[in-house]
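Engineer: Here you go, one structure.
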Amino acid sequence: MNLDKHPLVSIILINYNGAADTIECVESLTKVTYANVKIIIVDNASTDNSIKVLKHNLQYENVIIIESPENNGFSAGNNIGIQEARKLNADYMLILNNDTLVEPDFIEPLLEVFDSNEDVGCVISKILYASDPDKIWYAGGTFNPWFCRADHDHYNLTDNKVAEVKPVEFASGCCMLLSREAIDKTGLMDEDYFLYVEDTEYSLRLRQVGFKLMYTSRSVIYHKVSATTSVGSDLSQYYTIRNTLYLSKVYSSFLQKLTTMTYNVAFYTHKVLTGQYKIKNIVSAQVDYHSGVMGRSKRF
């Protein structure tokens with residue numbers, strides 16, 4: 000790949016009742032130094048006036064706004080954006096949360112990792128807290144198959160600003176640059192997850208078909224953590240638990256399923272006893288998973 004030719008990067012944002020965040024994100028994207036960008040906004044059937052506000056405020060030639068007739072979740076929204084990016088013949092597709100802000104030069108380091116490494120399917124930025132730009136939210140990720148658990152490297156630690164490019168096991172869906180080849184070979188995102196854990200599943204699937212996931216600290220963005228759904232909300236608890244069970248069913252060996260189940264009993268007992276999780280959400284997630292209820296739950 001020759002970066003001088005500026006391959007097309009399509010940036011996909013999902014909006015759901017979050018026009019203010021989406022507008023701020025796009026305004027930061029209009030300042031990027033990379034020369035060939037298309038921004039695709041998929042509105043996931045917002046119930047407020049998001050569409051009207053977005054169309055009024057984002058009248059840029061390189062911004063496309065798509066209205067989804069229904070909210071089928073984060074994965075489904077991104078799949079709509081990916082299909083649009085394919086129509087544009089995009090070389091790369093950047094999945095980006097709408098509650099983020101970017102450094103103007105964040106795209107070039109991502110592309111450089113593709114250019115200097117073989118078999119790379121996805122590259123992820125360093126993600127800092129927007130509310131505390133010296134604190135790390137994501138600086139690489141690991142996946143423990145024995146607990147079916149993905150973790151962020153250096154989570155909540157102070158940014159040491161050390162230049163680093165490294166392979167990772169888990170790519171955060173907050174900001175992941177995917178090659179067209181990787182998407183074509185791996186397929187679309189799994190819409191059964193609706194919300195949460197879909198990035199873990201996609202990371203595993205990318206690696207399963209032979210692609211490397213890479214992280215570069217030279218690309219920096221800022222995340223307004225949980226602007227769309229609050230951490231610890233009933234919704235986040237339910238989908239995280241249900242979807243992790245489903246992930247383990249698909250990807251874990253028999254022994255790994257046993258260790259994951261044992262870990263989950265201890266983990267969620269601790270969460271309940273410390274007031275971080277509600278028993279009703281754990282029970283609802285378990286009941287729906289064992290009943291085969293995936294995709295969007297009627298509970299929310």
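Going by numbering that gives the first Met the number 0, the letters in the sequence shown line up with residues 0 to 299, in that order.
Positions of the beta carbon are idealized from the N, C-alpha and C atoms, including for glycine.
(1) Helix, strand or coil: which one does DSSP assign to Ala19?
(2) Please report how far the alpha carbon of Cys24 lies from the alpha carbon of Leu57, in whole angstroms.
(3) Sort Phe146, Val31, Cys173 and Lys134 by Cα distance to Asn159 and report the nearest one.
(4) Given this structure, state the Cα-to-Cα distance separating Ala149 from Gly72, to the nearest angstrom.
(5) Please go through the segment 91 to 130 and give each complete beta strand (DSSP E) segment of 3 or more residues, from N-terminal end onward.
(6) Would you mind reading off the limits of the beta strand (DSSP E) that contains Ala149?
(7) What is the rounded straight-line gap between the Cα of Ser218 and the Cα of Val161?
(8) Since Asn77 contacts Ser45 with CB under 8 Å, what's their CB separation in whole angstroms?
(9) Count the other C-beta atoms from every protein chain shown that fall within 10 angstroms of the C-beta of Ser229, then say buried if there are 16 or more, exposed otherwise.
(10) Residues bridged to Val41 by DSSP?
(11) Curious, which full-length beta strand (DSSP E) runs of at least 3 residues does the segment 210 to 293 contain?
(12) Determine the direct distance from the alpha carbon of Ser67 to that of Asn61, and round the result to whole angstroms.
(13) Who are the near neighbours of Ser277 in its chain, counting only those whose CB is closer than 8 Å to its CB and skipping five residues on each side?
(14) Starting from the C-beta of Asp189, find all residues in its chain whose C-beta is less than 7 Å away, skip the five residues before and the five after it, and write them out in chain order.
(15) How is Cys24 classed by DSSP in three states: helix, strand or coil?
(16) When you compare only the Cα positions, how much space is there between Asp118 and Gly274?
(17) Is it buried or exposed, Ala138, if we count other Cβ atoms within 10 angstroms and call 16 or more buried?
(18) When the Cα atoms are used, what is the spatial distance from Ser216 to Glu107?
(19) Could you spell out the range, first to last residue, of the alpha helix (DSSP H) harbouring Leu203?
(20) Between the C-alpha atoms of Leu205 and Leu246, what's the straight-line distance to the nearest angstrom?
(21) So Cys173 and His222 are in contact, right, with Cβ under 8 Å, and what is the actual spacing, rounded?
(22) Use the C-beta contact count for Leu28: other C-beta atoms within 10 angstroms, 16 or more gives buried, fewer gives exposed.
(23) In angstroms, rounded to a whole number, what distance separates the CA positions of Asp114 and Asn263?
Structural biologist: On the basis of the coordinates in this document:
(1) Locating residue 19 in the sequence shown gives position 20, counting from the first residue. Under the three-state reduction of DSSP, Ala19 is assigned to helix.
(2) As a first step, residue 24 is located in the sequence shown; it is residue number 25 there, counting from the start. As a first step, residue 57 is located in the sequence shown; it is residue number 58 there, counting from the start. Those two C-alpha atoms are separated by around 11 Å.
(3) Residue mapping note: residue 159 aligns to position 160 of the sequence shown, counting from 1. Residue Lys134 is the option with its Cα nearest to Asn159.
(4) Residue numbering aside, residue 149 sits at position 150 when the sequence shown is read from its first letter. Residue numbering aside, residue 72 sits at position 73 when the sequence shown is read from its first letter. So the alpha carbons of these two residues sit roughly 20 Å apart.
(5) Correct list: 91 to 95, 99 to 101 and 119 to 128.
(6) Mapped onto the sequence shown, residue 149 falls at position 150. Ala149 -> beta strand (DSSP E) spans Arg148 to His151.
(7) Numbered from 1 along the sequence shown, position 219 holds the residue referred to as residue 218. Numbered from 1 along the sequence shown, position 162 holds the residue referred to as residue 161. Using only the alpha carbons, I get a separation of about 12 Å.
(8) Along the sequence shown, one-based indexing puts residue 77 at 78. Along the sequence shown, one-based indexing puts residue 45 at 46. With 8 Å as the limit, Asn77 and Ser45 do not qualify as a contact, their Cβ atoms being about 16 Å apart.
(9) Within the sequence shown, numbered from 1, the residue matching residue 229 stands at position 230. Residue confidence for Ser229 is low, a pLDDT of 49 falling below 50, so the modelled location carries little weight and cannot support an answer.
(10) Stepping through the sequence shown from its first residue, residue 41 is reached at position 42. For Val41, which the question treats as bridged, DSSP gives the partners Ile13 and Ile65.
(11) Taking 3 residues as the shortest admissible run, the segment 210 to 293 contains the following complete beta strand (DSSP E) segments, listed from N- to C-terminal end: 211 to 222.
(12) Here residue 61 corresponds to residue number 62 of the sequence shown, with the count starting at 1. Here residue 67 corresponds to residue number 68 of the sequence shown, with the count starting at 1. Counting only the Cα atoms, Ser67 lies some 19 Å from Asn61.
(13) Here residue 277 refers to the residue found at position 278 of the sequence shown. A quick correction: the sequence has Lys, not Ser, at residue 277. The beta carbon of Lys277 is closer than 8 Å to those of Asp233, Gln236 and Val271 in its chain, skipping five residues each way along the sequence.
(14) Here residue 189 refers to the residue found at position 190 of the sequence shown. Its chain contains Ser74, Glu197 and Glu200 as the residues whose beta carbon lies nearer than 7 Å to that of Asp189, once the 5 sequence neighbours on both sides are disregarded; these appear in chain order.
(15) Position 25 of the sequence shown, counted from the start, is the residue given in the question as residue 24. Note: Cys24 maps to helix in three-state DSSP.
(16) Position 119 of the sequence shown, counting from 1, holds the residue named residue 118. Position 275 of the sequence shown, counting from 1, holds the residue named residue 274. Asp118 and Gly274: Cα-Cα distance of roughly 44 Å.
(17) In the sequence shown, counting from the first residue as 1, residue 138 sits at position 139. By the neighbour-count criterion, in which 16 or more other beta carbons inside 10 Å mark a residue as buried, Ala138 falls on the buried side.
(18) As a working note, residue 216 is residue 217 in the sequence shown. As a working note, residue 107 is residue 108 in the sequence shown. Each residue's CA atom was taken as its position, placing Ser216 and Glu107 some 12 Å apart.
(19) Along the sequence shown, read from residue 1 onward, the residue named residue 203 stands at position 204. Leu203 -> alpha helix (DSSP H) spans Glu197 to Gln207.
(20) By one-based count along the sequence shown, residue 205 stands at place 206. By one-based count along the sequence shown, residue 246 stands at place 247. The C-alpha of Leu246 is placed about 14 Å away from the C-alpha of Leu205.
(21) Here residue 173 refers to the residue found at position 174 of the sequence shown. Here residue 222 refers to the residue found at position 223 of the sequence shown. The C-beta distance from Cys173 to His222 rounds to 6 Å, short enough to fall under 8 Å.
(22) Sequence index remark: in the sequence shown, residue 28 carries index 29 (1-based). Buried, because 16 or more other Cβ atoms sit within 10 Å of the Cβ of Leu28.
(23) What you label residue 114 is simply residue 115 of the sequence shown in a count that begins at 1. What you label residue 263 is simply residue 264 of the sequence shown in a count that begins at 1. So the two alpha carbons sit approximately 40 Å from each other.
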